[in-house]
Each structure stands twice: as C-alpha cells, then as structure tokens.
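Following: one structure in structure tokens, then a few remarks.
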Amino acid sequence: MEARASLGLLLLLLLLPLPSGGLAAAPGALFPASSWGRSRLGIIGGHEAKPHSRPYMVSVQSGGVHICGGALVQRRWVLTAAHCILRRLKGSVKVVVGLHHLQDRGAATQSFAIRAACPHPNYDPKMMENDLLLLQLSGTVSRSRTRRPIALLRREPAAGTACSLAGWGVPREPAAALQELEVAVLDARMCNNSRFWHGGIAPTMICFQGRHRGAAPTKGDSGSPLVCGQPAAVAGVMSFSGPRPGDPLKPPVATSAVGHKKWIQRTLRRGCPRTRGTPQPGDRTPGAPQDEPAGTPTSTQP
C-alpha cells in the first residue's frame, strides 16, 4: 500500500508546473558529478540495521576510510559501483567483510586487499551507464553468521516492488553503524519523464524511492546493493541521485544487476581480461610504490 501511495504522489507531481529554471537535465543527460551536491550524511530517514542481519554487506575502504558499500557475491568476489574505484589511490585499498560498526574488528570480520578490479567494459562515467565493478579479493572469505555471499535476483523487480538498501554513508565517527532503508521500485517511464530524469534512465537502470517522504541514500552509499525478494537477492547497485537527497523529482538510481547478469557470471567464472588503461594491483607507475593497489574514487555520491 505504501509503495502504491508513493507512486500516486509522484504521478500527481507530474501535473504540477515545472519550476522556473527547471529541474530536469538536458535531454538524454544526467546531472554531472560536479553538480550532484555533497551531503556528508549517511542514509536519510533510515534506521540502524540489526547487527549482522546483512552478512553480505562489505565496506570498501581507502587508507582505512570507508568510501563505498558493496555486496559479497562469491567468497572471493565483491560487487560494487565502477565510479567508486577507477585509478590508483594514494592510500591502500581493502575490503572489510562482517562489519556492523565501522570500527569493528575481531572474529566477526575479515579484511582483504584487492587482487583485481574489473569494471564493466562499457561503463560510461558521463551518463553513469553500466556503473558496475567486480573486485576479486586477495583471499577467500570464511563463511559464518556474520559473513555470507548473496545471490543475484532472477528477474527485474517490477514497479511497486518493495526492496531495501543499506550503507554506512560518509561516517561522522569511526563507530558509525550500518543503516538500512526500505524503498519501492518506481516506473522507469515515469522516471524518464521531463519532470524527472528527462530520458536519462537507461533500460539497465532501476529508479526507486524511500517508502517514507524524504528518506533517501546519500554520499557514501554508492556501491551498496539494492536487495529485493524473499530470500533477499541483489537487484542492483546504488549509482547516483539528484542534487538534493530525498527530492521526489530526482529519485535515486541503481544499476541493474539482473540486466548485467551474464557479464557478472562470466567474470566470476573467468576473471577480468587485462585491458589497456585498466590498472591492476602490482602495476608500476612513476612515483608509485609497486604494491600500491588499483583505484581512484572519483565520487562517493550519492
């Protein structure tokens, strides 16, 4: 009922006059990264998750600082957003599994370096299409109550489907706890209306909205999995949102994992091919130590 109510509210907004100056991006384009806004909060309007109720959640960290979320999809592979890591980082990159509070350590958690970073070959940073990245870990995650892979959803979630998102956002303190948010999938045609994303939503994107007014993911929640169904499975990966978190005219958007399932499964089986321009751990560059891992977080928005 709440999902239908949210959809009804957004459909009513279609009848409102467009504010002066307009909120829509140019036809076929999304807001550029420089204009998305830089909120320093985590999930808005959510609540703290039950500790270890999402054992697939991982924190992608640079120099010990959380930069993006991700999902453990196999014991040596993590699925996140391509815009989280692209080039070399000044600090070491690692993935931490089994966290609830970011400061957690001990038997519940495991930390891994990145053996290989595999962005989708057709990732477009301007249009944010194919915003997916698979990270191969340096070791194998030991399954436990706090560490467990999650499957990919079999079918695209229909408009109105109840899903959820979790993340640490950009933590104000090292002890930040995992937050979660209930959301509903929105109709893609509506999201592409001129009053919303103005044609900027590709077929392999999922538009969604918090179940409560103003609730939304923000900066630092990029890469976190959008999960749907029972049992929960990954439907998509958080990619981008509008300049103001919670704006009903610019709902958040995830990259569909279902629409990229063949690429994901092929990469999990074979690994990622070595291509020019894609740095890997161990590569040498002038002035960089040999053990410096790959990646540069270009944006942790939303």
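Residues -24 to -1, 1 to 278 in mature numbering (1 follows the signal peptide of the UniProt record, and there is no 0) are what the sequence shown spells out, letter by letter.
Glycine included, each C-beta is placed from N, C-alpha and C at the ideal position.
query                                                                                                                        : result
The stretch 38 to 48 in contact with the stretch 106 to 124 per 3-pair CB rule at 8 Å                                        : yes
Through-space distance from G196 to F20, alpha-carbon basis                                                                  : According to the sequence as given, residue 20 is Ile; it is not Phe. Taking the straight line from one Cα to the other gives about 12 Å.
Enclosing alpha helix (DSSP H) for L111 [first to last residue]                                                              : Per DSSP, L111 belongs to no alpha helix (DSSP H); it is in the beta strand (DSSP E), 109 to 113.
L55 versus P97 - alpha carbon distance                                                                                       : 15 Å
Short Cβ contact (7 Å threshold) for Y32 with A58                                                                            : no
Beta-carbon contacts of K226 that lie in its chain and below 6 Å, excluding the five residues immediately before and after   : G218
DSSP bridge partner residues for M181 (one or two, in chain order)                                                           : T231
Proximity of V69 and Q86 at Cβ, strictly below 7 Å                                                                           : no
Residues of its chain near residue 287, where Cβ-Cβ distance is below 6 Å and the 5 sequence neighbours each way are ignored : Here the chain comprises residues numbered -24 to 278, so residue 287 is not present and cannot be evaluated.
Straight-line gap, S114 to H236 (C-alpha atoms, nearest Å)                                                                   : 24 Å
N-terminal and C-terminal residue of the alpha helix (DSSP H) that residue 279 is part of                                    : The structure shown does not extend to residue 279, since the chain spans only -24 to 278, so no value can be given for it.
A160 and A25 closer than 7 Å at C-beta                                                                                       : no
Straight-line gap, I182 to W53 (C-alpha atoms, nearest Å)                                                                    : 23 Å
DSSP-derived helix/strand/coil call for W12                                                                                  : Its pLDDT being 33, under 50, W12 is placed unreliably in this model, and the coordinates cannot settle the point.
Range covered by the alpha helix (DSSP H) that runs through Q241                                                             : 237 to 246
Where H96 sits in the DSSP three-state scheme                                                                                : coil
Distance between beta carbons of T194 and N106, contact taken as under 8 Å                                                   : Incorrect: roughly 23 Å between the Cβ atoms, too far for contact.
Whole-number beta carbon distance between V234 and A208, since they are thought to touch under 8 Å                           : Their Cβ separation, rounded to whole angstroms, is 14 Å, which puts A208 and V234 out of contact at 8 Å.
Whole-Å CB distance - C60 paired with V36, under 8 Å assumed                                                                 : 6 Å
Reference T243; option with closest CA among D223, L111, P27, G40                                                            : L111
Burial state of A201, where buried means 16 or more other Cβ atoms lie within 10 Å                                           : According to the sequence displayed, residue 201 carries Pro and not Ala. When all chains shown are included, P201 counts as buried.
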